[in-house]
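K.L.:
Just so you know, we're using this note's numbering here: the sequence shown kicks off at -4 and counts up by one. From the three backbone atoms N, C-alpha and C, an ideal C-beta is built for every residue, glycine too. Keep in mind the model is a prediction, meaning the values are calculated, not measured. What follows is a structure written as C-alpha cells; I'll ask about it next.
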Amino acid sequence: MENKTVSFDIFLEPEFPVNSLILIQEALRISNQYRINEIFKIKLITTDGKRIRSSNGQWWKVDAGLEGIKNPDFIVVLGGNLPVQKKSKKLFSILRVAHKNLSKIIAIDTGAFLLAEAGLITNDTVVCVHWEVKNNFLEKYSNIKIVDDIYTINRNGLIFGAGGISTLDLILECISTVKGKDYANEIAQALIYRPRENSTNQKDELFELSLDNICKKAIQIMEKNIEVPLKINEISKKLNVSLRTLERKFYKMYKISPIKFYVNLRVKFARNLLFYDDRKINEISSMAGFNYNSVFINSFKKIYNKTPSEYRKYFRNQQFDNSIF
C-alpha cells in the first residue's frame, strides 16, 4: 500500500473525547508533512453533517454526514460520554456494510458500545474500553470478552482502543501495519513518544508497583465485590493476614481505614454509572453495594459535595447545553 492514499473516516459522537481526535489527526498530519504528500486522508463525520460538541465544550465543524462514508480503509468511531443515549440505525447499517466490505473499524473509548449495538462483535472478538466504563459495558453485554489492555486488534477487522494517550499507541500500530515501521517510527520520534505494546495494562504500572502488595491484593478483592461487599475481616482472612495488619497497611498507604477505602471505591463506581448511564439513582445505589439510599447519598456527598442526582444533573446540563464555549 506504499503509493495508495489510506483513508480514515472519523465518526464523532456527541461529547466525543477531543484528546483522542487530536492524537489521530496529528499522527497522520505529521506523516503527510514529512512525505510532502497526502499519504493519509482524514474525513470528519457526524450523523447529520452538522457541527458537534466535544467533551471539553468545544464545537467542531465536520466534512460530511453519514452519507459521506464510502468504503474507507478505516472507520474510527469516537465514542462520547453518552454512549447509549443516542443511537442511529443508519450508523449501525453503515458500519455493518463497511465491515462486510472489509473496512477496518476502530472503536475508541466508548465507541465499543456502538459496535456492540450494531451487532458486529462476535464471541471470538476481544474488546477493550476505558477502565471507567468497563463495568457499564459488562452490565449491558455480559457475553462479550473484554480485557484491560490499552488496545486490541482482531482478525475480523475490528479494533478497539481504551482512549486517552493509548489512542496514539493504537494509531501508530495501524500506520505501521499499512505503511511500515518507518512511518510509525518517524511520527513517534516527532512526538517524542515511545509506543507501548497493546498488552500494556490501562492502570498506571508505576502506581501499581508503589502499592504495598497486601493493599494491592485487598483492593483487587474489593473491586471484584462491589455489589455485595465483603466484610473487612473476610478480606483479611482471604489474604491470610490479621485484621489489624490490614488496617495498619491501609493507614500507612492511604491515611484511611480499609472500610473507608472500600466505601470510597464503591462511591467512585457509582459515580461512573451516574456519568455514563441513565439508570435510576436507587438502582445505582444497589449496584454499588448500598442497602440504603440515604447511606449512599451521604457517602457520595462527602466526596463530591453534591448528591448523586445533583451530580448527574450538573453534567447533563453541560452535555446538552447548545451554547458555544
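Might you give, ordered along the chain, the residues of its own chain that have their beta carbon closer than 7 angstroms to the beta carbon of C210, omitting 5 neighbours on each side?
P.N.:
Position 215 of the sequence shown holds residue 210. Contacts found: K244, F245, M248.
K.L.:
Find the nearest neighbour of K158 within the set F11, M282, V1, E62, judged by alpha-carbon distance.
P.N.:
As a first step, residue 158 is located in the sequence shown; it is residue number 163 there, counting from the start. Note that residue 158 corresponds to Gly in the displayed sequence, not to Lys. The shortest C-alpha separation from G158 is found at F11.
K.L.:
Is R266 buried or exposed, if buried means 16 or more other CB atoms sit within 10 Å of its CB?
P.N.:
Sequence index remark: in the sequence shown, residue 266 carries index 271 (1-based). Buried, since its Cβ has 16 or more Cβ neighbours within 10 Å.
K.L.:
Spatial neighbours of L110 within its chain, please: C-beta separation below 6 angstroms, excluding the five flanking residues on both sides.
P.N.:
Here the question's residue 110 lines up with position 115 in the sequence shown. Closer than 6 angstroms at Cβ, skipping near neighbours: A102, I116.
K.L.:
Taking N193 as the reference, give the member of I141, T147, I170, I5 with the closest Cα.
P.N.:
Along the sequence shown, read from residue 1 onward, the residue named residue 193 stands at position 198. For the residues I141, T147, I170, I5, the minimum Cα distance to N193 belongs to T147.
K.L.:
Checking the sheet assignment: what are the DSSP bridge partners for I166?
P.N.:
Start at 1 with the first residue of the sequence shown, and residue 166 comes out as number 171. DSSP lists no partner for I166.
K.L.:
Throw me the rounded Cβ distance for the L77 and P9 pair, which I believe falls under 8 angstroms.
P.N.:
Walking along the sequence shown from the start, residue 77 turns up at place 82. Walking along the sequence shown from the start, residue 9 turns up at place 14. Indeed they touch by this definition, with Cβ atoms about 6 angstroms apart.
K.L.:
May I ask you to list the residues that DSSP assigns as paired with T117?
P.N.:
In the sequence shown, residue 117 corresponds to position 122, counting from 1. Its beta-bridge partners do not exist; DSSP assigns none.
K.L.:
I182 by DSSP, collapsed to three states: which one?
P.N.:
Within the sequence shown, the letter at position 187 stands for residue 182. Note: I182 maps to helix in three-state DSSP.
K.L.:
Looking at the structure shown, is V71 part of a helix, part of a strand, or coil, going by DSSP?
P.N.:
If you number the sequence shown from 1, residue 71 lands on position 76. Reduced to three states, the DSSP call for V71 is strand.
K.L.:
Please state whether DSSP places G63 in a helix, a strand or coil.
P.N.:
Along the sequence shown, read from residue 1 onward, the residue named residue 63 stands at position 68. Helix, per DSSP.
K.L.:
Would DSSP call T240 helix, strand or coil?
P.N.:
For the purposes of this step, residue 240 is identified with residue 245 of the sequence shown, where counting begins at 1. DSSP places T240 in helix when its eight states are reduced to three.
K.L.:
Within its chain, find whatever has a CB closer than 8 angstroms to the CB of A179; leave out the 5 residues flanking it on each side and keep chain order.
P.N.:
Position 184 of the sequence shown holds residue 179. These residues qualify, in order along the chain: L167, E168, I170, S171, P190.
K.L.:
What is the DSSP secondary structure of D177, counted as helix, strand or coil?
P.N.:
In the sequence shown, the residue the question calls residue 177 occupies position 182. Helix, per DSSP.
K.L.:
Quick check on the burial criterion: 16 or more other C-beta atoms within 10 angstroms. Buried or exposed for T0?
P.N.:
Taking the first residue of the sequence shown as 1, we reach residue 0 at position 5. Its Cβ having fewer than 16 others within 10 Å, T0 is exposed.
K.L.:
Could you tell me the distance, in whole angstroms, from the CA atom of K275 to the CA atom of S83?
P.N.:
By 1-based counting over the sequence shown, the position of residue 275 is 280. By 1-based counting over the sequence shown, the position of residue 83 is 88. The alpha-carbon atoms of K275 and S83 are separated by roughly 24 angstroms.
K.L.:
In the DSSP assignment, the alpha helix (DSSP H) including F291 goes from what residue to what residue?
P.N.:
Mapped onto the sequence shown, residue 291 falls at position 296. 288 to 299 is the extent of the alpha helix (DSSP H) around F291.
K.L.:
What does DSSP give as the partner residue(s) for Y271 in the beta ladder?
P.N.:
By 1-based counting over the sequence shown, the position of residue 271 is 276. DSSP output for Y271 lists no bridge partner at all.
K.L.:
Helix, strand or coil: how does DSSP classify N196 here?
P.N.:
Within the sequence shown, residue 196 is the residue found at index 201, counting from 1. DSSP places N196 in strand when its eight states are reduced to three.
K.L.:
Skipping 5 residues on each side, what residues in its chain have a beta carbon closer than 7 angstroms to that of N228?
P.N.:
Looking up residue 228 in the sequence shown gives position 233. So the qualifying residues of the chain are L238.
K.L.:
Within 10 Å of its beta-carbon, does N131 have 16 or more other beta-carbons around it, so buried, or fewer, so exposed?
P.N.:
Numbered from its first residue, the sequence shown carries residue 131 at position 136. So N131 counts as buried.
K.L.:
Closer than 8 angstroms by C-beta to A283: which residues in its own chain qualify, once you throw out the five before and the five after it? Chain order, please.
P.N.:
Looking up residue 283 in the sequence shown gives position 288. Within the same chain, A283 has close Cβ partners I221, E222, R261, V262, F264, A265, L268, F291.
K.L.:
Quick one: Cα of D4 to Cα of N208, how far?
P.N.:
Start at 1 with the first residue of the sequence shown, and residue 4 comes out as number 9. Start at 1 with the first residue of the sequence shown, and residue 208 comes out as number 213. C-alpha separation (whole angstroms): 45 angstroms.
K.L.:
E33 to I19, Cα distance in whole Å?
P.N.:
Numbered from its first residue, the sequence shown carries residue 33 at position 38. Numbered from its first residue, the sequence shown carries residue 19 at position 24. For E33 and I19, the distance between alpha carbons rounds to 15 angstroms.
K.L.:
Of the choices F108, L97, A22, R48, whose alpha-carbon is the least far from that of S137?
P.N.:
Here residue 137 corresponds to residue number 142 of the sequence shown, with the count starting at 1. Taking only the C-alpha atoms, the option nearest S137 is F108.
K.L.:
Any idea which residues DSSP pairs F6 with across the strands?
P.N.:
Numbered from 1 along the sequence shown, position 11 holds the residue referred to as residue 6. BP columns for F6 point to I40, V72.
K.L.:
Under three-state DSSP, which class holds I254?
P.N.:
For the purposes of this step, residue 254 is identified with residue 259 of the sequence shown, where counting begins at 1. Note: I254 maps to helix in three-state DSSP.
K.L.:
Counting only the same chain and skipping the five closest in sequence on each side, list residues whose C-beta sits under 7 angstroms from that of K99.
P.N.:
Sequence index remark: in the sequence shown, residue 99 carries index 104 (1-based). Closer than 7 angstroms at the Cβ level, and outside the excluded window around K99, lie D68, F69, G152, I154.
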